[in-house]
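Peer 1: Take 1 as the starting number for the sequence shown in this note's numbering and just add one per residue.
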Amino acid sequence: MRSTPTPRATAKRHWLLAMGFALAIAALGAHGESATGTSRAQAGIDVRIVIPAFVRTRSRSDPAEVPIGEADVARGYVDVDEATSLVLTSNSPSGYTMAVAFDERLVSRVAVRIDGRVLEAAAPGEIHVASRMIVDKALRVGYRLFLAPGASAGVHRWPVMLRFAPTAV
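Structure, rendered in C-alpha cells:
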C-alpha cells in the first residue's frame, strides 16, 4: 500500500526539481571566452539550506477555573497537578522558550512543573527550557500557584497562560 505524499512534501519536491532544472538550463547556455582566446571557464556554486527553528503546540487544554480553599490561603499556595495538557514539537537542539503570564491579583509567582522540571516565574516573562529536539511529545503540566496578598478562598478563573516559542540561537 502506497501512501499519498503531503502537500508540503509535494511542494518541496517540485521546488527542488525546478531549481535543478534552472541550474541545468543555465549551465547548458553558458559560454565564455577569455582575453587569451580560450573558451574554458570554471565556476562554483555554494548552496546552503537554513531550516528555521520552530515550536508547535497542539491538543492543548487548560482548566477553566481553580478552586482555592481556606487551607490554601493559610498555606500561601495551591498545588494543581496535571492541569494543562499539550502535545509539543520543537526542532531546535537548544531548546525552547516558555512565556509565563499570570493574574497578579490572584497569584504572586508560579512554579511550572513540566517534563520532569520545575521552572519558577516570579513575574510574567520568559524562561528558557533546555531540551533536545522533540516530536509530538504529550506533556502534562502541573503548577504551584503562590497566592498574592489578599487572595481569597473560592473558585477563580484560571490565572495562568503559557506560550511556547523557539529559542533564539
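Ideal Cβ positions, reconstructed from N, Cα and C, are used throughout, including at glycine.
Just to confirm, are A99 and Y143 a CB contact at a threshold of 7 Å?
Peer 2: no
Peer 1: Kindly indicate which residue of R75, Q42 and R13 has the alpha-carbon position closest to the one of S152.
Peer 2: R75
Peer 1: Considering only the beta carbon of each residue, do A130 and V55 sit closer than 7 Å?
Peer 2: Not in contact: A130 and V55 (Cβ atoms no closer than 7 Å).
Peer 1: Please go through the region 69 to 114 and give each complete alpha helix (DSSP H) segment of 4 or more residues, from N-terminal end onward.
Peer 2: If we require 4 residues or more, the alpha helix (DSSP H) runs fully inside the region 69 to 114 come out as 70 to 75.
Peer 1: According to the Cβ coordinates, are L88 and L139 closer than 7 Å?
Peer 2: yes
Peer 1: Compute the distance between the beta-carbons of V107 and A148, then report whether it is under 7 Å.
Peer 2: A Cβ-Cβ contact shorter than 7 Å links V107 with A148.
Peer 1: Give the single residue among V135, A64 and F102 whose Cα lies nearest to the Cα of A123.
Peer 2: F102
Peer 1: Determine the burial state of M1: buried for a count of at least 16 other Cβ atoms within 10 Å of its Cβ, exposed for fewer.
Peer 2: Reliability of the predicted coordinates at M1 is poor, the pLDDT of 49 falling under 50, and the value obtained from them is presented with this limitation in mind. Counting Cβ neighbours within 10 Å, M1 comes out exposed, since fewer than 16 surround it.
Peer 1: For T167, is the classification buried or exposed, using 16 other Cβ atoms within 10 angstroms of its Cβ as the cut-off for buried?
Peer 2: buried
Peer 1: Do the CB positions of E65 and V155 come within less than 7 Å of each other?
Peer 2: Closer than 7 Å, so yes.
Peer 1: Output yes or no for whether 7 Å exceeds the beta carbon distance between R109 and F146.
Peer 2: Remark: C-beta atoms of R109 and F146 approach each other more closely than 7 Å.
Peer 1: For T57, name the three-state secondary structure that DSSP assigns.
Peer 2: strand
Peer 1: Please identify the residue among M19, Y77, R157 and I134 whose C-alpha is closest to the C-alpha of V47.
Peer 2: M19
Peer 1: Should A71 go down as buried or exposed, given a rule of 16 or more other Cβ atoms within 10 Å for buried?
Peer 2: exposed
Peer 1: Leaving out five residues before and five after T57 in sequence, what residues of the same chain have Cβ atoms less than 6 Å from its Cβ?
Peer 2: L86, L88 and F164
Peer 1: State the start and end residues of the unbroken beta strand (DSSP E) segment that holds D136.
Peer 2: I134 to L147
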